[in-house]
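Novice:
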Amino acid sequence: RGSTPLTDRLDLQPLLPILYVAWSDGALGTEELALIRQRMIDCPGVLPTSAGALASWLDPSAPPSPGELRSLRDHIRAGVSPERTPGLARSLAELGLGLRDGPPPGEWSDPAAADTLRAIEELLGVQGAEAAREILGPRLPAAVAAERLEREPVPALDMAAVRRHLEGDHAELRRELLELIAGSRFRVPDGTPTAAYRERVFGLLQELADRGYGRLGFPKSVGGEGDVRGSIVVFETLAFGDLSLLVKFGVQFGLFGGSILHLGTEKHHRAYLADVGSLALPGCYAMSEIRHGSNVRDVETTATYDAGAGEFVVHTPHALAAKDWIGNAATHGRVATVFAQLQVGGQSHGVHALLVPIRDVDGSTCPGVEIQDSGRKEGLNGVDNGSIRFTEVRVPRDALLDRFARVTEGGDYESPIPSDGRRFFTMLGTLVAGRVSIAAASVSAAKTGLAIAVRYSDRRRQFGPSGGTEVRILDYLTHQRLLLPRLATTVALDFAVKDLAHRYATRNEATQRELEVRAAGLKAVASWHTVDTLQACREACGGKGYLSENRFARLKADTDVFTTFEGSNVVLLQLAAKGLLTQYRQEMGDLKLWGIVKYIAESASRRVAELNPVVTRRHDEEHLLDPEFHESALEYREDHLLGSLARRLKARLDDGMDSFDAMNECQDHVVTLALAHVDRLLAEEFRRGLDAAPPEVREALSPVYSVFALHTLERERAWYLESGYMEPVKTKAIRSQVNRLLLELRPHAVGLVDAFGIPDALLGPAAFVDEERP
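So this is what it looks like as structure tokens:
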């Protein structure tokens with residue numbers, strides 16, 4: 010490489026840091042090295058006699074040896090001049106010009122020389138200050154580095170008060186049940202064989218029944234407590250534990266018992282509910298069929314009334330009409346609530362529910378009943394799903410759950426609801442508890458995943474600045490982006506679902522339709538949110554999250570079907586949107602001429618105000634954090650989507666298109682409307698929850714609300730830009746504001762997940778990384 014060592018050539022001293030990084034970085038290709046070599050040779054300060062040495066050092070076919078590279082680094086370190094380079098160099102160019110044995114006066118003393126060096130430095134594509142610090146090695150004493158990484162003091166927040174507020178009503182019931190399911194006997198080990206798992210879950214279900222949890226929502230007249238809200242609290246709390254037990258509980262007491270309670274009459278209540286609540290009578294809920302799935306209206310199982318015998322004949326006409334995926338059917342169920350097309354006197358009256366025995370007391374299948382095990386599933390293998398076929402199975406006339414329709418001894422069909430369609434939807438509406446419960450359980454499962462992932466991320470360290478300690482991974486913005494908006498959304502869903510449960514417990518005929526819309530939308534969004542959140546939490550825990558002991562595998566597998574339970578999510582969102590359209594039509598239909606004119610004028614006035622250029626561009630912090638802005642933006646989106654969908658549908662119907670085809674052509678619009686409705690609903694219920702909270706809870710959760718609201722607007726920024734509601738300067742400001750809020754929320758993240766009150770025994774070991782698990 011020449012007779013004179015590179016480090017002895019004074020004219021090359023300013024280039025040495027760049028030269029070192031060019032090789033140590035290891036990311037430069039042949040063409041890049043050739044370009045840097047030529048730029049260095051062309052530098053005014055480089056003497057012609059040094060050009061060969063430079064060319065030799067930057068020859069891709071003959072890279073310097075590790076020893077030569079170390080010698081070059083040591084020469085640079087030894088040559089740092091405190092006088093010329095006080096403190097830490099801000100760039101490689103500054104470091105080079107500040108070496109003790111600097112170049113002689115001449116070309117390098119020209120101010121333009123630094124510009125030349127910086128131009129070459131840019132070709133490296135590195136952060137110059139960091140690269141300079143890397144060359145210089147440890148520059149800060151450990152104590153100084155630790156102090157530099159020390160977080161700014163943050164105000165203490167009352168997370169105990171947050172926990173009390175999130176527990177809401179039935180706090181004692183929640184804590185009692187959490188303590189129970191945290192016990193070792195309620196935690197079924199991974200790898201338990203399917204048959205043993207089912208029996209273990211059935212035994213645990215019996216213990217819950219013996220403690221009175223199953224009959225909590227049943228009337229006092231049959232041994233229950235009449236506590237509808239409490240029964241949902243039990244279901245919500247069980248979701249922190251084994252989800253097979255949760256689903257088994259829901260099938261027995263919620264679906265089977267609930268169908269008898271809500272579709273039957275007093276005679277059915279007296280005959281069955283006490284035994285259902287004690288688990289003396291295990292049952293199942295046979296609604297869906299192989300061919301029809303969510304389309305309950307068109308199930309093909311029939312129940313034909315034989316007036317001479319005073320019996321219904323329940324029959325499965327072909328294999329594809331078999332009842333499918335019926336929980337409790339494969340092993341334990343003895344009676345099924347069967348949904349069938351009711352045939353009386355040669356006339357069909359639509360879908361009705363009947364109680365049909367499927368097993369004897371000794372467990373033998375009843376005559377005419379054929380049951381097949383669905384087999385091992387993706388998850389929930391402690392639940393015995395099966396399919397059921399009926400061949401001319403006879404049940405007495407009283408087997409018909411006759412709250413909304415009955416058949417007299419003489420064989421006459423009677424119903425207080427004349428319309429088959431109205432009667433069908435009224436029957437299904439009474440079973441909305443299932444959607445409320447799945448929404449609540451989804452939130453609990455998301456809380457579990459977040460409690461594990463946030464605690465892990467707060468303790469796990471990875472990477473960090475040169476010379477400093479490794480950084481907690483939750484301090485990285487990407488990790489905050491991964492977990493904290495999902496944490497905020499989970500809290501929003503918690504408020505909304507608790508309100509939904511209260512509405513369900515206090516429902517009446519006037520509020521039924523709105524309840525159905527809310528339940529459908531929140532169940533869909535909550536279950537999708539949980540699936541998404543658990544995946545994010547698994548990734549946040551890296552390889553630890555992939556270990557089965559950390560629960561993510563089972564949580565993900567067990568909750569995946571929540572998106573299908575109680576109605577496929579896409580179907581439920583269409584149901585919710587149709588409810589909004591019905592309400593919209595009724596409101597418009599009730600308006601007289603002047604009312605319509607006023608409505609249109611107010612809508613136009615609001616649109617002009619909302620789309621005012623000042624508003625669309627305003628991006629100061631006070632405005633962005635204003636809940637009134639969030640509410641206005643979310644309402645605008647929902648209203649705009651509702652009105653435009655109504656116009657699209659009307660245009661098609663006016664052109665003579667069938668309503669089914671019209672809805673199908675606008676299906677994406679329908680689903681988007683329902684999602685926008687839920688977004689607005691979540692923000693509204695979050696705010697209402699905060700308004701009703703003590704001051705210390707508002708202080709702790711207000712930033713969480715802001716993260717939720719602004720992240721929701723950020724997520725939908727494409728729509729707001731397309732509609733002209735926001736301009737790019739505003740959406741960019743929202744993104745920046747979310748980042749600032751996440752930084753503020755980060756110190757309180759562990760306190761927030763601890764406020765969920767989940768016992769340590771129900772969290773995976775990843776939640777206790779670097780510490781002893783209790």
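If you want the working numbering, it's the 1-based position in the sequence shown plus 9. Note that beta-carbon positions come from the ideal geometry of N, C-alpha and C, so glycine has one too.
Cα separation between G419 and M436?
Specialist: 24 Å
Novice: What is the rounded straight-line gap between the Cα of P622 and the Cα of S668?
Specialist: Between P622 and S668, the C-alpha separation is close to 39 Å.
Novice: From the DSSP output, read off the bridge partner residues of K332.
Specialist: E298, I397
Novice: For R415, write down the residues that DSSP places opposite it in a beta bridge.
Specialist: Looking at the DSSP assignment, R415 forms a beta bridge with E423.
Novice: Classify K257 as buried or exposed, calling it buried when 16 or more other Cβ atoms lie within 10 Å of its own Cβ.
Specialist: buried
Novice: Could you tell me whether the region 235–245 touches the region 197–204, where touching means 3 or more Cβ pairs closer than 8 Å?
Specialist: no
Novice: Which residues mark the beginning and the end of the alpha helix (DSSP H) in which R238 is found?
Specialist: First-last of the alpha helix (DSSP H) with R238: 237–247.
Novice: Could you compute how far the alpha carbon of A692 sits from the alpha carbon of T346?
Specialist: 38 Å
Novice: Report the residue from V285, A330, S303 whose alpha carbon sits nearest the alpha carbon of L364.
Specialist: V285
Novice: Can at least three beta-carbon pairs, one atom from the region 72–85 and one from the region 28–35, be found at a separation below 8 Å?
Specialist: yes
Novice: Does the structure place the region 632–650 close enough to the region 701–721 that three or more beta carbon pairs sit under 8 Å?
Specialist: yes
Novice: Please list the terminal residues of the continuous beta strand (DSSP E) segment that includes L364.
Specialist: 356–366
Novice: Going by beta-carbon coordinates alone, are C550 and A775 separated by less than 7 Å?
Specialist: yes
Novice: For R415, I'd like the list of residues in its chain whose CB is within less than 6 Å of its CB, leaving aside the five on either flank, ordered along the chain.
Specialist: E423
Novice: To the nearest angstrom, how far is the alpha carbon of E640 from that of D467?
Specialist: 33 Å
Novice: Excluding sequence positions up to five away, which residues of its chain have a Cβ less than 8 Å from the Cβ of V747?
Specialist: P494, V716, L719, H720, E723
Novice: When the distance is taken between beta carbons, is A312 closer than 7 Å to F321?
Specialist: yes
Novice: Look at the alpha carbon of N394 and the alpha carbon of Y513, and state the distance between them as a whole number of angstroms.
Specialist: 28 Å
Novice: Where does the unbroken beta strand (DSSP E) through D407 begin, and where does it stop?
Specialist: Taken as a continuous stretch (DSSP letters only), D407 belongs to no beta strand (DSSP E), as it is neither H nor E.
Novice: For H324, does the count of other Cβ atoms within 10 angstroms reach 16, so buried, or fall short, so exposed?
Specialist: buried
Novice: Report the rounded CA-to-CA distance for Y593 versus E708, giving the unit in angstroms.
Specialist: 37 Å
Novice: What number of angstroms, rounded off, separates the C-alpha of L459 from the C-alpha of V441?
Specialist: 28 Å
Novice: Reducing DSSP to helix, strand and coil, say where I144 ends up.
Specialist: helix
Novice: Could you check how far apart the C-beta atoms of L264 and G443 are, in whole angstroms? I think they sit under 8 Å.
Specialist: 6 Å
Novice: Within the same chain, show all residues whose beta-carbon is closer than 8 Å to that of L25, passing over the 5 residues directly before and after it, in chain order.
Specialist: L15, T16, L81, H84, I85, G105, L108
Novice: For the candidate residues G292, A349, A642, whose alpha-carbon lies nearest to that of F433?
Specialist: A349
Novice: In chain order, what residues of the same chain lie with their CB nearer than 6 Å to the CB of E309, ignoring the 5 residues before and after it?
Specialist: P326, A330
Novice: Suppose contacts are defined by Cβ-Cβ distances below 7 Å. Is I815 in contact with L63 by that definition?
Specialist: Any answer about residue 815 is impossible in this case: the structure gives the chain only from 10 up to 783.
Novice: For P405, tell me which candidate among H678, E647, G372, D315 has the shortest Cα-Cα distance.
Specialist: D315
Novice: Is it a yes or a no for the region 625–634 touching the region 725–741, going by three-plus beta-carbon pairs under 8 Å?
Specialist: yes
Novice: Measuring alpha carbon to alpha carbon, tell me which of Q136, D333, L682 ends up nearest E644.
Specialist: Closest option to E644, Cα to Cα, is L682.
Novice: Roughly how many angstroms separate the alpha carbons of L754 and T487, rounded to a whole number?
Specialist: 14 Å
Novice: Return the CA-CA distance between D362 and F413, expressed in angstroms with no decimal places.
Specialist: The sequence given here has Ala at residue 362, not Asp. Approximately 10 Å between the Cα atoms of the pair.
Novice: Identify whether P14 lies in helix, strand or coil by the three-state DSSP scheme.
Specialist: coil
Novice: Kindly indicate which three-state DSSP category I605 falls into: helix, strand or coil?
Specialist: Caution is warranted here: a pLDDT of 44 is assigned to I605, below 50, making its placement in the model unreliable, and no coordinate value can be reported.
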